[in-house]
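Numbering (our numbering), first residue to last: 39 to 153.
Ideal Cβ positions, reconstructed from N, Cα and C, are used throughout, including at glycine.
Since the structure comes first, as structure tokens, the remarks are kept for the end.
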């Protein structure tokens with residue numbers, strides 16, 4: 039089992055940037071595929087970006103070219119760099135880890151983008 043803790047959310051103006059961090063509780067984290075999801079009020083949770091244990095990335099069309107996910111396996115950390123933020127990026131952002139079909143979630147961090 040792995041515990042995930044997100045941080046780095048906050049309030050930012052449109053066009054600004056934020057960097058989210060996700061800290062994992064165990065060293066085997068490097069073997070997990072990880073992802074970032076978000077959920078806006080009244081909407082379903084949606085995939086934002088993924089990064090596999092091997093470092094391959096994938097992004098939702100809505101964030102391509104603006105968001106970048108990276109990981110530092112030595113520190114058991116995953117990051118989401120968000121640039122050129124838009125009001126529609128406002129949501130609670132969740133870190134996810136997956137291995138052998140077992141899913142683990144963080145508690146989420148709020149990102150609010152003002153226009």
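- DSSP places residue 68 within a helical segment (H, G or I) once states are collapsed to three.
- According to DSSP, residue 76 shares a beta bridge with 84 and 131.
- Secondary structure of residue 112 (DSSP, three-state): helix.
- The residue from 149, 91 and 131 with its alpha-carbon nearest to that of residue 143 is 131.
- For the set 145, 146 and 140, the Cα lying nearest the Cα of residue 67 is the one of 140.
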